[in-house]
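Each remark here refers to the structure printed beneath this line.
Residue numbers (our numbering): 271 to 860.
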């Protein structure tokens, strides 16, 4: 429990910690309100048993002084009204207190989820090559929910514990013997059950977390590969996999809920046995327990509050252990990623000047291999790309041309050597470098939104620069197509651009790359999935930019390199400059 609290305090921002301290005061007042609710019942019980003792009752004396009444019935009725007012105020306050707690934890979940999402998005591209996206989705959705649940449960434990301590203190003053016996018996039973179940709940929580990741993974694979699944008739396989993992995950949740409820009956039985034991002692010692009826009534009423609170403390503590895996994951990921981000920012701050691109991009003795592999995909490569040049990159599949392009983009960092722009390392000035780049992949991601929103991808509609959109449309040669649409740029293109042709999708991709007015354009096999006629149309859009932008074109079809100034072949990790005419001749022969 101590470790969990320590990790939660690390995750909480300073401002949230202040709000948590304020919430503690609110909870303290709520516990005191519960104590007042129990303590005001005792005078009423005493009057019911011995009405002749009214003048000895401090509450009755106070009412007599305030009202001047002496009639016992008037005093009792006034006391009843007074208690009713206290209970109405108490319950209104407790309802408000719970609303404050829920609002606090829900805001905490939202802020933590957004914080985690931002941290993931800031991770280097290599992180996503080794991490399953289903685990990321589970972390942002399920584990932040588990984190929120843990914080809420800890607040409920705090609230109920303070209330129990106050009530037990009051009961100890009323009758020390019964209080000590019941507390010892209930406390011992509580601790024994908690420590028996504790490790089991943690283990189940870890397994449930893993299974929830598999549930998301199965969903993703099923819908991403729907065409192949339907053609191969594999619907039942994915449905069964989903059912199996979902059932096992839900079964762990069921066991967790069961373990949380079981002690309720044990603790209740122990408490009643403790009270009965005290009654037996009173009978043996004093020959009866008539003198304890008033106190027993108070104990019975207090038990009405205490037993559910003790059971709740156990249930909340068990759930905290069950959700520990979620807290651990959120803590580890936020700590690791934010510390890395802090180190990256420090490196940028310590670097001199700002990255520029006025002369050339240089790769100096660049080597790269992927994690868990010693095979160098790029091996001591040197390259120079002058500003304004159009460079074609070719190579057979698996030779490293995509890896080389990712290194130039800054998505991957060399394990040896460095890539610079005007002498500044692009991996240090990463954000400056990306601001100069426009990227057009083979498969364009298009959202189910308007053409305008897809061109200004990731920009709020009210913040879209209309002039940049119009210029990008013109440069991508989309004007005629846009004019042919009744709604023009406001035309919604459907999920994945299903209402567009392949050439239209690629042109929107080019317009998107041009929206931010980049200095460098990367074409990553941007036309390889198109037919010859559509490819020629798209190439006209690309060729119109020759000389205006520095262009790096990764090509599968050699005929797309006609307007390149130089051509580089990637072969076995080496960069080999090729004669342009020779390469184009090979393309024509194909």
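Idealized CB from N, CA, C, for every residue including glycine. Since this is a predicted model, take the numbers as computed values, not measurements.
Beta-bridge partners assigned by DSSP to residue 598: none are found. Our two residues, residue 751 and residue 707, have alpha carbons roughly 26 Å apart in a direct line. Looking at the DSSP output, residue 792 shares a beta bridge with 709, 822.
Residue 633 is bridged by DSSP to 653, 689. Between the C-alpha atoms of residue 382 and residue 293 there is a straight-line separation of about 19 Å.
Sequence-distant partners of residue 839 (beyond 5 residues in either direction) whose C-beta falls short of 6 Å from its own C-beta, in its chain, are 664, 665, 846, 848. Residue 521 and residue 419 have their C-alpha atoms spaced approximately 19 Å apart. In its chain, beyond the 5 residues on either side, 725, 781, 784, 785 have a beta carbon closer than 7 Å to the beta carbon of residue 742. Shown here, residue 643 sits in coil according to DSSP, grouped into three states, outside any helix or strand. In the DSSP assignment, residue 845 falls within the unbroken beta strand (DSSP E) covering 844-848. Taking each of 593, 791, 710, 303 in turn and checking the Cα distance to residue 432, the smallest one comes out for 303. DSSP, read as helix, strand or coil, puts residue 504 in coil. DSSP places residue 836 in the uninterrupted beta strand (DSSP E) bounded by 836-841. In the DSSP annotation of this structure, the continuous segment of the alpha helix (DSSP H) that includes residue 431 starts and ends at 414-444. The alpha-carbon of residue 687 is positioned some 19 Å away from that of residue 656.
Taking a contact as a CB-CB distance under 8 Å, the pair residue 820 and residue 778 does not count as one, their CB atoms being some 22 Å apart. Taken through DSSP and simplified to helix, strand or coil, residue 695 comes out as strand. Where residue 779 is concerned, the enclosing alpha helix (DSSP H) starts and stops at 772-785. Judged by pairs of C-beta atoms under 8 Å, the segment 574-592 touches the segment 513-532, as three or more such pairs exist. Residue burial annotation: residue 603 is buried, with at least 16 other C-beta atoms found within 10 angstroms of its C-beta. Between residue 803 and residue 830, the alpha-carbon positions lie close to 12 Å from each other. Here residue 680 is near residue 704, since their CB atoms are less than 8 Å apart. Runs of alpha helix (DSSP H) with 4 or more residues, each lying fully within the segment 460-511, are found at 496-502, listed in chain order. Annotation: the continuous beta strand (DSSP E) that includes residue 662 extends over 660-664.
By alpha-carbon distance to residue 348, the top candidate from 310, 378, 366 is 310.
Rounded to whole angstroms, the separation of the alpha carbons of residue 295 and residue 356 is 20 Å. For residue 816, the three-state secondary structure derived from DSSP is strand. With respect to residue 684, residue 794 sits apart: the two C-beta atoms are not nearer than 8 Å. For residue 676, the enclosing alpha helix (DSSP H) has its first and last residue at 671-679. Taken through DSSP and simplified to helix, strand or coil, residue 542 comes out as helix. Bridge pairing for residue 720: 762 [DSSP]. A contact is defined here as three or more CB-CB pairs under 8 Å, and the segment 434-445 fails this definition with respect to the segment 355-369. A direct Cα-Cα distance of roughly 16 Å separates residue 436 from residue 457. Listed in chain order, the non-local C-beta contacts of residue 690 below 6 Å within the same chain comprise 632, local neighbours out to five positions each way being set aside. DSSP, reduced to helix, strand and coil, places residue 648 within a strand of the structure shown.
The C-beta distance from residue 423 to residue 589 rounds to 5 Å, short enough to fall under 8 Å.
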